[in-house]
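Chains as they are written, first to last, in my numbering: chain B, 6 to 204; chain P, 6 to 204.
Structural data, given as structure tokens:
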């Protein structure tokens, strides 16, 4: 096996420390904590850079292009029309998108066997777009993600392109998307707790 | 290795036959043919169920939920406002979404080494959400996908939620998304042709 066990163990330790630091400074999504700890409990897994899902207001040419985009607003819980309405008055450079994304979790495993176990658990919890993204001496990087993703176009440099009803509906849909993501996280937690494959 | 070489070889042969059948009945996206053939030329790879990217008009609660959704319109090339405008008059059950998706290619490799080579090539071509989805005796299933995805809300049961300008802008954005996907396919073809790792 190409994974360097010592290197992997060191990274796990560091990631564990960082987890608690991130929690302390409010950088970590609290919704995720229990799940991340379940991964850390597994002898051959740990996690890195994870997100429980979020809603953003984004000014950019297309909603997946980060380089040219500016995040105007970001929240990990449901939003209201009032919260974003004042932001709609400001001028737009490219296009203003209301984007909702599902959870993403990166799990680093020591072995291929553990990577496959994680994929199986993730599949059962509805993380259908999960996969092993890379394999190196640092471990197997497994990305867990759902298909949940929504980008509603709200405004262009020429003005608003949605009606008042359209704005309300876009906010409603984004909140639904976010909640669907949280549901999948709950299922993931349950599947992780039910799993005995590493014991 | 757990992959059954004979089973894998048989599946490759069948997939190759199906590729030409699909092409004949117009089921295969012609944009993809050259790329798929590049994969088949590799001794340890073949492809299954692939899509060059498409634009759909979808009636459903949320744009990634296939079960409750109905596809009203589907096209693998750019669309015009005229093409979909008449479809907007019809009643909507849930929500009407204009969805653009980037290309998705499933590659089945014989070895983990080849799977990693494919991931490296895909990464260079901008298929940044690629990963090994499963490993079984049939092979390593590698999904190549980009982050390109756009769903614009057009209508609810209560009526249109976009202005005329909004509709035009949504069509424009969907076409841009589609073309960005085709660009990535061109890059993938170039990277595959430049790659000598299997030779």
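Using N, Cα and C, we set each Cβ at its ideal position, and we do this for glycine too. In this text the structure is predicted, and so the values were computed from the model without any measurement.
Task: Whether residue 12 of chain P touches residue 63 of chain P by CB criterion (9 Å) - done: no
Open item on the list: Is it buried or exposed, residue 69 of chain P, if we count other Cβ atoms within 10 angstroms and call 16 or more buried?
Closed with: buried
Task: Whole-angstrom distance between residue 48 of chain B and residue 8 of chain P, CA atom to CA atom - done: 26 Å
Open item on the list: In this structure, how does DSSP classify residue 80 of chain B when only helix, strand and coil are distinguished?
Closed with: strand
Task: residue 77 of chain P at chain B interface by Cβ criterion, 9 Å - done: no
Task: is_contact[residue 31 of chain P, chain B] using C-beta, thresh 9 Å - done: No, no contact with chain B.
Task: Best match in B/158, B/38, B/61 for proximity to residue 53 of chain B [C-alpha to C-alpha] - done: Looking from the CA of residue 53 of chain B, the closest CA among B/158, B/38, B/61 belongs to B/38.
Open item on the list: Are the CB atoms of residue 171 of chain B and residue 165 of chain P within a distance shorter than 9 Å?
Closed with: Less than 9 Å separates the beta-carbon of residue 165 of chain P from that of residue 171 of chain B.
TODO: Put residue 130 of chain P into one of helix, strand or coil per three-state DSSP.
DONE: In this structure, residue 130 of chain P counts as coil in the three-state DSSP scheme.
Open item on the list: With three or more beta-carbon pairs closer than 8 Å as the criterion, would you say the segment 151 to 168 of chain B touches the segment 16 to 29 of chain P?
Closed with: Because the criterion of three Cβ pairs below 8 Å is not met, the segment 151 to 168 of chain B and the segment 16 to 29 of chain P do not touch.
TODO: Run down chain P in chain order and give the residues with a C-beta less than 8 Å from the C-beta of residue 161 of chain B.
DONE: 170, 174
Open item on the list: Using the Cβ count rule (16 or more neighbours within 10 Å means buried), how would you classify residue 141 of chain P?
Closed with: exposed
TODO: Taking residue 148 of chain B as part of the alpha helix (DSSP H), name the residues at either end of that continuous run.
DONE: Note, residue 148 of chain B: premise wrong, no alpha helix (DSSP H); beta strand (DSSP E) at 144 to 150.
- [ ] Count the other CB atoms, across all protein chains shown, that sit within 10 Å of the CB of residue 144 of chain P; report buried if there are 16 or more and exposed otherwise.
- [x] buried
- [ ] Leaving out five residues on either side along the sequence, give the residues of the same chain with a beta carbon under 6 Å from the beta carbon of residue 4 of chain P.
- [x] Given a span of 6 to 204 for chain P in the structure shown, any question on residue 4 of chain P remains unanswerable.
Task: Own chain, CB closer than 6 Å to residue 185 of chain B, minus 5 neighbours either side, in chain order - done: 153
TODO: Can you give me, in chain order, the residues of the segment 71 to 102 of chain B that have a beta carbon less than 8 Å from any beta carbon in chain P?
DONE: 100
- [ ] Give the range of the beta strand (DSSP E) segment to which residue 104 of chain B is assigned.
- [x] 101 to 106
TODO: Would you kindly report the start and end of the unbroken beta strand (DSSP E) that includes residue 62 of chain P?
DONE: 59 to 64
Open item on the list: Given a cut-off of 9 Å on the beta-carbon distance, is the pair residue 96 of chain B and residue 180 of chain B in contact?
Closed with: no
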